[in-house]
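In the working numbering, the protein residues as written are 35 to 147.
Ideal placement from N, C-alpha and C gives every residue a C-beta, glycine not left out.
All of these numbers come straight from a predicted model, not from anything done at the bench.
Notes to accompany the following structure.
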């Protein structure tokens, strides 16, 4: 379920920061990483720094996808402190690559059934 209260606060800060276009570009780029033949839904997390308003956010995005359509919706947003944001920035990228590769294998296995 969407947390409309948190999302409206995030939306207000995003508008004040002026980086909404960058966020939209990032979400589109993530959805384009999936193979064209894939279908399903995932929820992923982004950690954002809104520099002009000096705030940090953790947002959850639900991406539904199939052969013809990609649809992303922000389902929750939580303001975090600088320490949480820095810790997220230092996570090992190897883990992300492993999860992505497992996801692609699962999609391929599902399509081969």
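Check your understanding: Quick check: the region 104 to 120 against the region 132 to 146, are there 3 or more CB pairs under 8 Å?
Key -> no
Point to revise | Cα-Cα separation, residue 49 to residue 137 | key: 33 Å
Check your understanding: Leaving out five residues before and five after residue 119 in sequence, what residues of the same chain have Cβ atoms less than 7 Å from its Cβ?
Key -> 81, 83, 90
Review point. Which of helix, strand or coil does DSSP assign to residue 90?
Key: strand
Practice item. Kindly identify the DSSP beta-bridge partner or partners of residue 98. Key: 75, 105
Review point. What three-state label does DSSP hand residue 115 in the structure shown?
Key: coil
**Study point:** residue 61, buried or exposed, once every other Cβ within 10 Å from all chains shown has been counted against 16
**Key:** buried
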